[in-house]
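> The sequence shown begins at 430 in my numbering and counts up by one.
Every residue gets a Cβ at the ideal spot worked out from N, C-alpha and C, and that includes glycine.
All values reported here derive from a predicted model rather than from experimental measurement.
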Amino acid sequence: MEQVKPQLKKWTFNLTVTGLFIVALLVGIVLNPSLVYANKTTYDNFAIFHNKAIDSALLVQLDEANKLLEKSELYNPKLKLDICLNDGSIYPFIIRKIVGDNFATGFYDKVVLQGNPDYKNNYIEIRGYKWNLAQLLAHEATHCLQYDKMGLWKSNPIAQYPTWKWEGYPEYVARQNPDQKDLAKNIERLINTEQINNNGWIYFADSTGTVITYYKYWLLIKYEMDIKKMTYIQILKDTAQEETVRKEMMNWYKSL
Ligand SMILES: [Zn+2]
Numbered sequence: 430m431e432q433v434k435p436q437l438k439k440w441t442f443n444l445t446v447t448g449l450f451i452v453a454l455l456v457g458i459v460l461n462p463s464l465v466y467a468n469k470t471t472y473d474n475f476a477i478f479h480n481k482a483i484d485s486a487l488l489v490q491l492d493e494a495n496k497l498l499e500k501s502e503l504y505n506p507k508l509k510l511d512i513c514l515n516d517g518s519i520y521p522f523i524i525r526k527i528v529g530d531n532f533a534t535g536f537y538d539k540v541v542l543q544g545n546p547d548y549k550n551n552y553i554e555i556r557g558y559k560w561n562l563a564q565l566l567a568h569e570a571t572h573c574l575q576y577d578k579m580g581l582w583k584s585n586p587i588a589q590y591p592t593w594k595w596e597g598y599p600e601y602v603a604r605q606n607p608d609q610k611d612l613a614k615n616i617e618r619l620i621n622t623e624q625i626n627n628n629g630w631i632y633f634a635d636s637t638g639t640v641i642t643y644y645k646y647w648l649l650i651k652y653e654m655d656i657k658k659m660t661y662i663q664i665l666k667d668t669a670q671e672e673t674v675r676k677e678m679m680n681w682y683k684s685l
């Protein structure tokens with residue numbers, strides 16, 4: 430037994446060093462996508478990281494996303510964003526291993542596409558479900574605006590704002606298509622979708638959609654901003670619980 434202990438200690442030490450090395454390497458790559466992409470193309474305030482030739486339709490969708498972002502109270506015209514494409518680099522795979530299987534991820538100053546994009550038809554697809562691409566870019570870039578405005582320590586996950594506030598606002602910024610503008614009609618769409626077999630998914634007019642949980646977050650933020658005329662910063666500071674706001678919103682809806 431006496432011999433096993435030093436051996437075990439050495440093992441633990443080696444594993445710790447290897448573990449720390451791998452974590453440092455991962456952090457280095459996550460913060461520097463240029464390490465694992467063949468190309469970087471600058472467009473407007475975006476640095477696009479890609480392996481294959483850029484589809485010009487992507488630039489159209491980036492312009493669309495920018496138009497949506499400009500209307501946000503958090504917008505910063507000087508903020509430069511990295512757009513990391515899912516076209517052969519290991520980068521989206523690493524991000525997926527860290528944060529899970531998403532259509533895309535936005536953090537710090539980076540937007541990482543993870544699903545299969547169709548730039549021309551403006552959607553990104555996973556297992557047959559489609560998300561509007563320009564709106565997804567705007568959603569993820571809004572997370573970057575949150576970090577930019579509030580700083581890493583006052584942003585989620587560290588700040589632990591309720592998810593409906595942290596995810597509802599990017600949806601609010603992004604969902605500005607004609608069929609998405611009217612809150613009452615959006616509530617009606619939710620009520621109708623909940624009556625059918627929906628698999629947790631709700632469709633918009635362009636046949637893209639979103640998960641119903643996010644849709645509900647979006648409605649609450651839309652109610653607070655459009656009807657109650659609150660700013661996003663006011664919503665973050667407000668102590669009203671999700672359920673309270675939902676009841677209030679539904680009372681407003683029934684009163685129409
Ligand atoms: Zn999000």
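Alpha carbon to alpha carbon, how far is residue 575 from residue 503?
Going by the C-alpha atoms only, they are around 7 Å apart.
> Could you tell me whether the Cβ atoms of residue 484 and residue 548 are closer together than 8 Å?
Closer than 8 Å, so yes.
> Three or more C-beta pairs closer than 8 Å, one from the segment 551 to 565 and one from the segment 517 to 527: is that the case here?
They do not touch, by the three-pair rule.
> Compute the minimum distance between the beta carbon of residue 586 and the heavy atoms of ligand 3, and state whether it is under 7 Å.
Of the ligands one can find in the structure shown, namely ligand 1, none is ligand 3.
> Check whether the Cβ of residue 597 sits closer than 7 Å to any heavy atom of ligand 1, and report yes or no.
No.
> Check whether the Cβ atoms of residue 604 and residue 560 lie closer than 8 Å to each other.
No, the pair does not count as a contact, with Cβ atoms beyond the cut-off.
> Under 7 Å: does the beta carbon of residue 535 sit that close to some heavy atom of ligand 1?
It does: the Cβ of residue 535 is within 7 Å (strictly closer) of some heavy atom of ligand 1.
> Taking residue 475 and residue 460 to be in contact with their CB atoms under 8 Å, please state how far apart those CB atoms are, rounded to whole angstroms.
About 17 Å; that fails the 8 Å criterion.
> Relative to the C-alpha of residue 567, which residue among 539, 656, 580 is closest?
Among 539, 656, 580, the Cα nearest to that of residue 567 belongs to 539.
> With hydrogens ignored, establish whether the beta-carbon of residue 479 is closer than 7 Å to any heavy atom of ligand 1.
Answer for residue 479: no, Cβ out of range of ligand 1.
> Among 444, 569, 520, which has the Cα closest to the Cα of residue 464?
The shortest Cα separation from residue 464 among 444, 569, 520 belongs to 520.
> Taking the alpha helix (DSSP H) that residue 602 falls in, what are its first and last residues?
592 to 603 is the span of the alpha helix (DSSP H), which, as asked, contains residue 602.
> Tell me the residue span of the alpha helix (DSSP H) that contains residue 647.
Per DSSP, residue 647 belongs to the alpha helix (DSSP H) from 641 to 651.
> Among 446, 455, 445, 512, which has the Cα closest to the Cα of residue 472?
The candidate whose alpha carbon is nearest that of residue 472 is 512.
> For residue 468, does the three-state DSSP call read helix, strand or coil?
Strand.
> Check for me: the alpha helix (DSSP H) holding residue 666 runs from which residue to which?
That run of the alpha helix (DSSP H) goes 661 to 666.
> What's the C-alpha gap between residue 581 and residue 587?
So the alpha carbons of these two residues sit roughly 8 Å apart.
> State yes or no: is the C-beta of residue 622 within less than 8 Å of the C-beta of residue 641?
Taking 8 Å as the Cβ cut-off, residue 622 and residue 641 qualify as a contacting pair.
> Considering residue 588, what are the terminal residues of the beta strand (DSSP E) in which it resides?
Where residue 588 is concerned, there is no enclosing beta strand (DSSP E), given that its DSSP letter is neither H nor E.
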